[in-house]
Amino acid sequence: MRTIRVQEADFDAGVEQAALAADPEALGAVGAVASFVGYVRGVPAGEAGKVGGGGMAVSPENIAAMTLEHYPGMTEAALTEIVTEAEARWPLLGVTVIHRVGRLSPGAQIVLVAVASAHRGAAFAACEFIMDFLKTRAPFWKREETPQGARWVDAREADDAAAARWAQPGHDAG
Amino acid sequence: MRVTVLYFASLREALDCAREEVTPSEDVRTLAELRSWLAGRAPRWAPLATLPNMKMALNQAMARPDALLVDGAEVAFFPPVTGG
């Protein structure tokens, strides 16, 4: 079972996970579903680490909303290629990738990656692999709205490094 | 040769253009050469030359600057992606 969707509407991660676990094509072989949900932060990426101690930072830099733009056609092709690569690396029984586009408020869900396998190792690894490549290969762009105006989010070198480590021999032992 | 060119995100805003159809000069053979040709048409296209770490796609797949153009191709230029 493979589900890849790019949509404005919200999603229910619980419903999607249950669908993977109960997939009749997997013939009851699913023993693990690992999932990741990404959310819109209320503070810019560089400020997020400063929030803590149980209190939300009060800052003029707080984000009012985020707009996600994408490249229709290529987006779906890129996600399909990433999922196909994950399926070649690990024994997967199902993959669901849902990415939202359009204008989203802080706290809103942006992306879901859920992976089903017989055991947790492959599910955890493939879920992380798909997210790492989605962040560096899938054509989405974030634009933040703050009280100071709107700005396009800069790509992070840490994301390139996260994707690059999967090329290292032995890392994909799952 | 006729190609469709798409621009996204900050580059689209800087150029005030999302899509155009162009017929580049005969000596344009690669994506890098197309980029230079597009950027050199007039000052308003200069951001195409100056955007750092430009990414490009050929027929909806990530491509290298030395990728060869084909007639009727869809080419896209954009900044590094930031989804997820």
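Here the protein sequences come in this chain order: W and D.
For the first sequence, position 4 (counting from the first letter as 1) is numbered 4 according to the numbering used here, and the numbering increases by one without interruption.
All you need for the numbering used here is the position in the second sequence, starting with 1, plus 1000.
C-beta: ideal position from N, C-alpha, C; glycine also.
Cβ neighbour criterion (16 or more within 10 Å) applied to residue i
{"i": "D/R1064", "result": "exposed"}
{"i": "W/H99", "result": "buried"}
{"i": "W/Y39", "result": "exposed"}
{"i": "W/G28", "result": "exposed"}
{"i": "D/P1080", "result": "buried"}
{"i": "W/E16", "result": "buried"}
{"i": "D/S1025", "result": "exposed"}
{"i": "W/H119", "result": "exposed"}
{"i": "W/D160", "result": "exposed"}
Check whether residue i and residue j have beta carbons under 7 angstroms apart
{"i": "D/N1053", "j": "D/A1073", "result": "no"}
{"i": "W/D23", "j": "W/G121", "result": "no"}
{"i": "D/D1071", "j": "D/T1030", "result": "no"}
{"i": "W/A116", "j": "W/W90", "result": "no"}
{"i": "D/A1039", "j": "W/M74", "result": "no"}
{"i": "W/V153", "j": "W/M131", "result": "no"}
{"i": "W/V30", "j": "W/A19", "result": "no"}
{"i": "W/T146", "j": "W/T3", "result": "no"}
{"i": "W/A150", "j": "W/R156", "result": "no"}
{"i": "W/W141", "j": "D/A1061", "result": "no"}
Separation of residue j from residue i, as counted between CA atoms
{"i": "W/I82", "j": "W/V111", "result": "15 angstroms"}
{"i": "W/V6", "j": "D/E1033", "result": "33 angstroms"}
{"i": "W/F124", "j": "W/A86", "result": "11 angstroms"}
{"i": "D/R1041", "j": "D/R1019", "result": "16 angstroms"}
{"i": "W/A167", "j": "D/G1083", "result": "21 angstroms"}
{"i": "W/E8", "j": "W/R41", "result": "18 angstroms"}
{"i": "W/A158", "j": "D/Y1007", "result": "25 angstroms"}
{"i": "D/W1045", "j": "W/E76", "result": "29 angstroms"}
{"i": "D/V1028", "j": "W/A32", "result": "52 angstroms"}
{"i": "W/F36", "j": "W/D10", "result": "15 angstroms"}
{"i": "D/P1043", "j": "W/P44", "result": "33 angstroms"}
{"i": "D/A1049", "j": "D/R1012", "result": "13 angstroms"}
{"i": "D/T1023", "j": "W/M1", "result": "43 angstroms"}
{"i": "W/R103", "j": "W/T80", "result": "24 angstroms"}
{"i": "W/R165", "j": "D/W1037", "result": "36 angstroms"}
{"i": "D/K1055", "j": "W/T84", "result": "22 angstroms"}
Option in the options with minimal Cα separation from residue i
{"i": "W/E14", "options": "W/I4, W/M1, W/A34, W/R2", "result": "The displayed chain sequence assigns Gly, not Glu, to residue 14 of chain W. Among W/I4, W/M1, W/A34, W/R2, the Cα nearest to that of W/G14 is on W/A34."}
{"i": "W/Q148", "options": "W/I63, W/E85, W/R2, W/V101", "result": "W/I63"}
{"i": "D/F1078", "options": "W/M1, W/T96, W/A161, W/T136", "result": "W/T136"}
{"i": "W/F129", "options": "W/A108, W/R156, W/V97, W/A163", "result": "W/A163"}
{"i": "W/Q109", "options": "W/A155, W/D12, W/E145, W/L92", "result": "W/D12"}
{"i": "W/P106", "options": "W/R151, W/A65, W/M1, W/A150", "result": "W/A65"}
{"i": "D/A1076", "options": "W/Y71, W/E76, W/W141", "result": "W/Y71"}
{"i": "D/T1004", "options": "D/C1017, D/E1013, D/S1010", "result": "D/C1017"}
{"i": "W/E25", "options": "W/P44, W/L92, W/D10, W/V43", "result": "W/L92"}
Beta-carbon separation (whole angstroms), residue i vs residue j, contact threshold 8 angstroms
{"i": "D/P1047", "j": "D/L1068", "result": "Between D/L1068 and D/P1047 the Cβ distance is about 25 angstroms, and since that is not below 8 angstroms, they are no contact."}
{"i": "W/A138", "j": "W/A78", "result": "5 angstroms"}
{"i": "D/R1086", "j": "D/E1021", "result": "Absent from the model: residue 1086 of chain D. The displayed extent of chain D is 1001 to 1084, so no value can be given."}
{"i": "W/L134", "j": "W/V101", "result": "In fact, because the Cβ distance is near 13 angstroms, the residues do not count as touching under 8 angstroms."}
Interface partners of residue i on chain C, CB under 8 angstroms
{"i": "D/V1081", "result": "Judged by its chain identifiers, the structure shown contains no chain C, and its protein chains are W and D."}
Residue i CB to nearest heavy atom of the ligand GTP below 6 angstroms
{"i": "D/T1004", "result": "No copy of the ligand GTP appears in this structure; indeed no ligand is present at all."}
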